[in-house]
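Chains as they are written, first to last, in the working numbering: chain A, 1095 to 1575; chain B, 19 to 327.
These notes are about the structure you will find just below.
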């Protein structure tokens, strides 16, 4: 050790220092080289396939022998439903080869392809690695789906695809003006989920006012059951019941103002009232102990084990929690509890909206094929197949007749019927992902629900985040029409 | 024999240097170039925006938070890890009581401990992070269960769910998983220190402390310094990213109220979640400068006279 220093007695020289630290620096920041690995080189839009001839059977003019490249997010809904739809495409166009790629890593798989200008023809852009839709639209990377919406539907050629969809689906796929960039395939009901059996055993019914809510929670607490739990590590699940509650108490305009990032939108009295109501749950100890440290699966498991009564969630929970849910759980969903009869909208106001966004890239070689595949998926047969196998509704309106609905799905359909026109659809989570999930969700509501911030502090903090997002020129801004 | 020396050297170095330039230096140059653009990472089109990304970064609260956490990592982690590893290595190799005539020896069972310490090193950092995520589960995790078991049922922290504790929880995991490597490294260093030094010290009546500070540490200094820098770079770069991303809460990690966000994670979020690849490269440049500064400071502070033996 050290014996090699015979001729450099003064140790490390200044030059050596610089040289060595430069060398260390160069090998030490892999993130940089990593980023450049996806170096953008515009290889130019490679040849699009030729269009086929339009016919009654082929209204979009699909090239019958062109290959189709389909990338699917393989998440909560699995991949079988899409495989089944691909089979139909292959039957209709026997000369076409379909390359079907299910993956959980949407961004990792597709970012380089977008940068290289050779994206696939159809993408289910979903999951934790979802690509930012706002950016994709802003950079003109998506194809307008209007031809698909105006094409005749598979089941009834007299009807356009557009007219077979649930209300709100088409609008959700628009950003500014007419073009429709996204086709949401699943239809999600958000709200308060519970076990009807557990609620019955408490001799209670679902509370419609906040006083009733507190009473039910107190009753449960006496039996050693917590009133609520939620995905503590992902507190942006709380808005699934909190936002529609704000809409119910203060009216739709409050939610629209929030989505539009209007100044002082969060300072509306309805927001304050609802935040205080939820904070009361915290203060009275109605939240399952340890909840802030649980992730979504852990909290759902605690809930299916009967440790907590209510959980804010979306309709995918029936499929996702199926493994731990007892057979006699009797899953039910309800629209959020309001404050009292002075609320602007009636009890039953619920958040429902499209899920599983499908997109066709602007530079896709076979865009018509991608849209045709979507048209097949929006047929009654494919929609029924989806609902039956993954317990969720689709964008196709109806298609639930003649199949036996699971308890959660049945309850979701009932909740939608009860809601009627009172369906709200807050857009923060698809317009401003970082703001909704990380800032409002984790840093704002998450801290309040963990009891570490008061409603007043939280509102101030969230308003500041919203103002920053409104000013931030690197984000594209949207408004309700 | 000097004839053609340079041609010889150049001939041998050209290929590796070219590879190095292509795969290491060029990406850096490119990244720095991209930090002056508005590239989203989702399309091939971009334009130059000058210093916009940099001025935005200086106003970005989350950037300052992640910088602060990364700095904490770079200062605290090497200190704790290297300190612990030195202590363990000393006890394993020198710290034992004399028995059976051996002048220096480790504590009883030291060969067993060596394996135990090194064991976490064979696990992938992703597995370590997952294991600890389960252990930290406030509801049914091992740590809170142990607390309950020993009668501390009233002390049930939320661990990773608590902004005051989350950062410490993450650091503990990193120490746990890396300390074994340094124990082995320092043990190897200590093995090359001549035994007569220790025997002489013992004859002079030196105790363990004096032996450690007067003999072991000075003779081990070069190894300690390298270990220090290596640990600091781990703490600034890949390891901290993996642990924070996997273990802590939030849409893609970062802890409650940004309590555990670190620079590499922020780069990742901006590039692959928010579609702001150019801004991400800007933060990457900041991380590069920080790493360079760290290495320079450690080298400067660690400068000492070399000892010969």
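Just so it is clear, CB atoms sit at the ideal spot from N, CA and C, and this is done for glycine as well.
{"Check": "Chain-ordered chain A contacts of residue 174 of chain B [CB-CB under 9 angstroms]", "Outcome": "1383, 1384"}
{"Check": "Limits of the alpha helix (DSSP H) - the one that residue 1178 of chain A falls within", "Outcome": "1174-1186"}
{"Check": "Chain B residues whose Cβ lies nearer than 9 angstroms to that of residue 1392 of chain A", "Outcome": "155, 157, 158"}
{"Check": "Rounded separation between residue 1632 of chain A and residue 1149 of chain A - CA only", "Outcome": "Chain A is shown from 1095 up to 1575; residue 1632 of chain A falls before or after that span and cannot be answered."}
{"Check": "Chain A contact for residue 300 of chain B (CB, 8 angstroms cutoff)", "Outcome": "no"}
{"Check": "Where residue 178 of chain B sits in the DSSP three-state scheme", "Outcome": "helix"}
{"Check": "Chain A contact for residue 23 of chain B (CB, 8 angstroms cutoff)", "Outcome": "no"}
{"Check": "8 angstroms Cβ cutoff, residue 294 of chain B in contact with chain A", "Outcome": "yes"}
{"Check": "Check whether residue 1086 of chain A and residue 1248 of chain A have beta carbons under 8 angstroms apart", "Outcome": "The shown model of chain A, from 1095 to 1575, leaves out residue 1086 of chain A, and the question about it has no answer."}
{"Check": "Beta-bridge pairing of residue 1490 of chain A - partner residues as DSSP gives them", "Outcome": "A:1259"}
{"Check": "Where the alpha helix (DSSP H) through residue 136 of chain B begins and ends", "Outcome": "128-136"}
{"Check": "Cross-chain neighbours of residue 131 of chain B in chain A, by beta carbon under 7 angstroms", "Outcome": "What residue 131 of chain B touches in chain A: nothing, since even the nearest Cβ is about 24 angstroms away."}
{"Check": "Cross-chain neighbours of residue 297 of chain B in chain A, by beta carbon under 9 angstroms", "Outcome": "1568"}
{"Check": "Buried versus exposed, by CB contacts within 10 Å (16 or more), residue 1436 of chain A", "Outcome": "exposed"}
{"Check": "Residue-chain proximity (residue 1396 of chain A, chain B), Cβ-Cβ < 8 angstroms", "Outcome": "yes"}
{"Check": "Run of the alpha helix (DSSP H) containing residue 1511 of chain A, from where it starts to where it stops", "Outcome": "1501-1513"}
{"Check": "Cut-off 8 angstroms between Cβ atoms - residues of its own chain near residue 1553 of chain A, not counting five sequence neighbours on either side", "Outcome": "1360, 1361, 1365, 1366, 1369"}
{"Check": "Endpoints, alpha helix (DSSP H) assigned at residue 1481 of chain A", "Outcome": "1474-1484"}
{"Check": "Continuous alpha helix (DSSP H) assignments of at least 4 residues falling wholly in the segment 248-307 of chain B", "Outcome": "256-265, 281-286"}
{"Check": "Minimum Cβ-Cβ distance from residue 1557 of chain A to chain B less than 8 angstroms", "Outcome": "no"}
{"Check": "Residues from the segment 1194-1209 of chain A in contact with chain B, defined by Cβ distance under 8 angstroms", "Outcome": "1201, 1202, 1205, 1208, 1209"}
{"Check": "Amino acids of chain A, ordered along the chain, whose beta-carbon sits closer than 8 angstroms to that of residue 272 of chain B", "Outcome": "1532, 1536"}
{"Check": "Chain B within 8 angstroms of residue 1387 of chain A, Cβ atoms only", "Outcome": "yes"}
{"Check": "contact_flag[the segment 1454-1467 of chain A, the segment 1314-1330 of chain A] where n(CB pairs < 8 angstroms) is 3 or more", "Outcome": "no"}
{"Check": "Length at least 3, wholly inside the segment 1420-1474 of chain A: the beta strand (DSSP E) runs in chain order", "Outcome": "1425-1428, 1444-1453"}
{"Check": "Proximity to residue 311 of chain B [Cα-Cα], best of B:62, B:88, B:239, B:108", "Outcome": "B:88"}
{"Check": "Residue burial classification, residue 1139 of chain A (beta-carbon count within 10 angstroms, cutoff 16)", "Outcome": "Here the model assigns residue 1139 of chain A a pLDDT of 45, short of 50, so the residue's position is not dependable and the matter cannot be decided."}
{"Check": "7 angstroms Cβ cut-off: residues of chain B touching residue 1230 of chain A", "Outcome": "60"}
{"Check": "Start-to-end residues for the alpha helix (DSSP H) that takes in residue 196 of chain B", "Outcome": "184-209"}
{"Check": "Inter-residue Cα distance where the pair is residue 102 of chain B and residue 309 of chain B", "Outcome": "23 angstroms"}
{"Check": "Chain-ordered neighbours of residue 1225 of chain A on chain B, where CB pairs are closer than 8 angstroms", "Outcome": "60, 293"}
{"Check": "Of the listed residues B:179, B:61, B:28, nearest to residue 295 of chain B (C-alpha basis)", "Outcome": "B:61"}
{"Check": "At least three beta-carbon pairs within less than 8 angstroms, the segment 1391-1410 of chain A to the segment 1322-1329 of chain A", "Outcome": "yes"}
{"Check": "8 angstroms Cβ cutoff met for residue 1194 of chain A and residue 1180 of chain A", "Outcome": "yes"}
{"Check": "N- and C-terminal bounds of the alpha helix (DSSP H) containing residue 29 of chain B", "Outcome": "23-38"}
{"Check": "Interface residues of chain A facing residue 290 of chain B [CB-CB closer than 8 angstroms]", "Outcome": "1201, 1202, 1205, 1223"}
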